[in-house]
Amino acid sequence: MEVNIYLKSPNSNAPSPIFAKIYYHPVSFKYYLNEKVHPNQWDRSKEKAKALKGLDNGSVAELNARINAIKNDIQDVYRRYFNDNNHEPPTKDHYKYLLDLHFKRIKPVEEVKEEVLLVNDFFSDFIKRCTDGTRVQLKSSKPITENTLKTYRTAFKHFKAYQQLNNLQLVFDDLDLRFYESYKTYLMKTLQFANNSVGKYIQLLKAVMADAFELSIHSNQSFLKKGFAGFREDTDNVFLTEYELHELQLIDLSAKPSLAIVRDYFLLGCWTGVRYSDYYQIVPQRMFNSIIQIRQTKTKQLTAIPIDNRVKQIFSKYLNQLPRLISNQKTNKYLKELLKLVDSMHAEVTISYTKGGIRLEQDVPKWSMVSTHTARRSFATNKYLEGVPSKTIMAITGHRTEQAFFKYIKLHQTDHANIMLEHMIKSQQS
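Residue numbering for the sequence shown follows numbering that gives the first Met the number 0, beginning at 0 and increasing consecutively.
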């Protein structure tokens, strides 16, 4: 087996967490050491901290000693298991569990069972492991994002509040279908949350139960039952038609340069179909034969983006140097201010949602429903209405199934009727 030591953020201006990259065929994963060092004091080739002139280097030797000790322990844990199990290597999850036991990040299963571990204690430890990088995303092995961590903390807050209200201290065996119905009612009726929020918090609790189950903390499989389900209802989203985009394009924003930049980036998204997180990749310097290749930030999928003349006009407007991109949050704020200037965006749309267990409908101006992601949905919907094959659009948007794609685009019954009418007219003319 091999154990190499790396920094999580080698180019950071602040101390970076240190992790071990563990490999034994065919398993490879990261294991964070609960140690940090400034990248300036890290020797990548030697995989250890280094002394620098003018800096406090008194702790460098101690840090390297701890890293070496941890590295040796990682190898020893593997060798002990390998020798005690007929030269069979451990699975990744079991090896992580053995390492967590060795470094006292969790308690042995026997000890936990004797103490009857409270769900709150494990939930708190779950968030801690996600925060310090010990627990990573299962599919990609990447650290949990800060936005996801915020959601975990909010879910934990509501879970604790439910117990406090009912004078409870829950253990994992308490989390059965009866608890599920009670907790769901609390989120829906007491807190008056919308269905999607309720489903999200239940899904996160299921993730905590699954993690504890994998670590043999409990044997309660209620979270696997169909009745113990997270859920999500379709939300009412909008897209901008080509007419509305043209109307937006024609607005004179010479006196409002900040809004003009927001407008141009939004139109760029409507005409390329890329996510906001990938706007920085749509630059003329990467264009070849009117195509820009990007690797999507979210999916890491390589995608070829066709660039039409409207996008090229935006490039030319800024002399091939697009303005600095502001945060998504600020852009959404300015976007609503911008769209209030478009007459057609004051048309009311009806949205429906479930809140507190009651189905509600509300009429709102269309501009209030628009966000940066509306650009991507507008691209997909408009291209489909133009007759571009769904498979071709999916190759650009990254949707893997037509079911997901058709759920994503927003078509009304009249849109479907018009598509059918066009085909009927073409058929009669041929």
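All residues carry an ideal CB built from backbone N, CA and C; glycine is no exception.
Just to check my reading of the structure: F238 and L334 have Cβ atoms closer than 8 Å, yes? What is that Cβ distance to the nearest angstrom? Going by Cβ atoms, the distance from F238 to L334 rounds to 14 Å, so no, they are not a contact pair.
Inter-residue CB distance, F230 and M208 (contact presumed, cutoff 8 Å): About 16 Å; that fails the 8 Å criterion.
Contacts around F346, its chain only, beta-carbon distance under 8 Å, and the 5 residues preceding and following it disregarded: The displayed chain sequence assigns Ala, not Phe, to residue 346. So the qualifying residues of the chain are P364 and K365.
What's the C-alpha gap between T90 and K47? 28 Å
Excluding the 5 residues flanking D92 on each side, which residues of the same chain have their C-beta closer than 8 Å to its C-beta? E213
Taking a contact to mean a Cβ-Cβ separation below 7 Å, would you say I325 touches L267 in this structure? In this structure, I325 sits away from L267, with a CB-CB distance that is not shorter than 7 Å.
From the DSSP output, read off the bridge partner residues of K35. Answer is P16, bridged to K35.
Could you check what DSSP says for D339 in three-state terms: helix, strand or coil? Note on identity: in this sequence residue 339 is Lys, with Asp being the wrong assignment. Residue state, collapsed to three classes: coil.
Out of curiosity, what's the CA-to-CA distance linking I201 and Y275? The alpha-carbon of I201 is positioned some 29 Å away from that of Y275.
E228 by DSSP, collapsed to three states: which one? According to the sequence shown, residue 228 is Ala rather than Glu. Looking at A228 - three-state DSSP - the assignment turns out to be coil, as it is neither helix nor strand.
Using the rule of at least 16 other Cβ atoms within 10 Å of the residue's Cβ for burial, across every protein chain shown, is D277 buried or exposed? buried
Per the contact definition of three or more C-beta pairs closer than 8 Å, is the segment 315-324 in contact with the segment 147-165? no
Using a 10 Å radius around the Cβ and a threshold of 16 neighbouring Cβ atoms, would you call Y187 buried or exposed? Tyr is not the amino acid found at residue 187; the sequence shown has Met there. Label assigned to M187: buried.
Exposed or buried, S15, counting other C-beta atoms within 10 Å across all chains shown (16 or more means buried)? buried
When the Cα atoms are used, what is the spatial distance from A19 to D72? CA-CA distance, A19 to D72, rounds to 12 Å.
How far does the alpha helix (DSSP H) with Y279 in it extend, from its first residue to its last? Taken as a continuous stretch (DSSP letters only), Y279 belongs to no alpha helix (DSSP H), as it is neither H nor E.
How big is the Cα-Cα spacing for V170 and H217? 9 Å
Considering E213, what are the terminal residues of the beta strand (DSSP E) in which it resides? No beta strand (DSSP E) contains E213, which is instead part of the alpha helix (DSSP H) from N194 to E213.
Quick one: what's got a C-beta closer than 7 Å to V261's C-beta in the same chain, skipping five residues either side? T330, Y333, L334 and L337, listed in sequence order.
Given that a residue counts as buried once 16 or more other Cβ atoms are within 10 Å of its Cβ, and exposed if not, what is K95? buried
Let me know if G226 comes out buried or exposed under the rule of 16 or more other beta-carbons within 10 Å of its beta-carbon. exposed
Residue environment, R376, which counts as buried when at least 16 other CB atoms sit within 10 Å: R376 is buried by the Cβ-count criterion.
Which residues does DSSP list as the beta-bridge partners of R376? Per DSSP, none; premise fails for R376.
For V348, which of E360, P9 and I392 has the nearest alpha-carbon? E360
So, for K382: in the same chain, excluding its five sequence neighbours on each side, which residues have a beta-carbon less than 6 Å away from its beta-carbon? I392
Beta strand (DSSP E) containing D362: first to last residue? DSSP places D362 in the uninterrupted beta strand (DSSP E) bounded by I357 to P364.
Can you tell me which of R152, N194 and G132 puts its alpha carbon nearest to the alpha carbon of I143? G132
Limits of the alpha helix (DSSP H) - the one that E243 falls within: Secondary structure note for E243: its alpha helix (DSSP H) is the uninterrupted segment E241 to L249.
In angstroms, rounded to a whole number, what distance separates the CA positions of A206 and K339? 41 Å
Supposed contact pair L174 and K224 - C-beta distance, whole angstroms, cut 8 Å: Rounded, the Cβ-Cβ distance is 11 Å, inconsistent with contact.
Determine the direct distance from the alpha carbon of A68 to that of A60, and round the result to whole angstroms. 12 Å
Could you give the C-beta distance for I304 and I290, rounded to a whole number, given that I count them as a contact under 8 Å? Confirmed, Cβ separation roughly 7 Å.
If you follow the beta strand (DSSP E) that A303 is part of, which residue opens it and which one closes it? L301 to P305
Could you name the residues that DSSP lists as bridge partners for I23? Here residue 23 is Tyr; the residue named in the question, Ile, does not match the sequence. In the DSSP output, where bridge partners are listed per residue, Y23 has V26.
Of the residues V76, Q168, Y151 and K35, the one placed nearest L117, counting alpha carbons only: Q168
Restricting to Cα atoms, I'd like to know which of D172, L62, L203 and F121 is closest to K149. L203
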